[in-house]
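K.L.:
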Amino acid sequence: MTNAALVTRKLAVVDEHLRRLRERRPEELESFMKDLLLQDAVALSVLVVVQEAMDIALHIASDEGWELASTYRDAFVVLERHGVIPAALAASLASAAQLRNRIAHGYATLDPGRLWSELPAGVASFEAYARSVSAFIRPGTTGA
Numbered sequence: 229m230t231n232a233a234l235v236t237r238k239l240a241v242v243d244e245h246l247r248r249l250r251e252r253r254p255e256e257l258e259s260f261m262k263d264l265l266l267q268d269a270v271a272l273s274v275l276v277v278v279q280e281a282m283d284i285a286l287h288i289a290s291d292e293g294w295e296l297a298s299t300y301r302d303a304f305v306v307l308e309r310h311g312v313i314p315a316a317l318a319a320s321l322a323s324a325a326q327l328r329n330r331i332a333h334g335y336a337t338l339d340p341g342r343l344w345s346e347l348p349a350g351v352a353s354f355e356a357y358a359r360s361v362s363a364f365i366r367p368g369t370t371g372a
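Residue numbers (my numbering): 229 to 372.
(1) Mark histidine 245 as exposed unless 16 or more other C-beta atoms lie within 10 angstroms of its C-beta, in which case mark it buried.
(2) Thinking leucine 239 and valine 270 are a contact (beta carbons under 8 Å), I'd like their distance in whole angstroms, please.
(3) Is DSSP giving alanine 297 helix, strand or coil here?
(4) Residues in the same chain with beta-carbon distance under 7 Å from alanine 372, minus the five sequence neighbours each way, listed in chain order, please.
(5) Please determine, among Val241, Leu317 and Val305, the residue with the shortest C-alpha to C-alpha distance to isoleucine 288.
(6) Please list, in chain order, all residues of the same chain as leucine 234 whose beta carbon is under 8 Å from its beta carbon, the five residues on each side excluded.
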């Protein structure tokens with residue numbers, strides 16, 4: 229059985245960094261492109277959100293005795309196979325795992341303009357993930 233307290237703590241971290249991302253993203257791309265500190269802050273929050281979401285997926289799979297993912301991308305696929313998240317969401321989150329790797333292993337491959345433009349959809353995906361995971365660990369609820 230999944231350790232709901234642990235997952236709930238991790239979901240709180242995800243929620244906090246999603247809030248930061250919503251607040252930090254300027255309306256205009258030009259503002260974002262000119263502010264390297266803001267780009268770094270956004271990238272770090274994206275990294276934290278994705279890492280926590282992957283950790284949650286790995287904890288659930290382990291606690292439930294499901295197959296363990298061989299890659300971070302596959303962590304979300306395992307949850308999809310077991311009905312925790314829908315397939316389209318698993319695919320979206322798997323792509324975020326690649327972004328996490330680019331952020332963690334070198335900013336040279338990170339396109340700030342693309343990060344800015346894809347941020348709203350990414351935030352929405354992780355909000356949906358948090359709701360799905362919350363519903364899984366607390367059946368009968370509508371999620372966070």
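Every residue, glycine too, gets a C-beta built ideally from N, C-alpha and C.
P.N.:
In terms of the structure at hand:
(1) buried
(2) Leucine 239 to valine 270, Cβ: 20 Å. No contact.
(3) coil
(4) Confidence at alanine 372 is low in this model, with a pLDDT of 43, below 50, so its placement is unreliable and the value that follows should be read with caution. Only Leu239, Asp243, Ala358, Arg359 and Ser362 meet the Cβ criterion.
(5) Measuring from the Cα of isoleucine 288, the nearest candidate turns out to be Val305.
(6) Answer for leucine 234: His287, listed in chain order.
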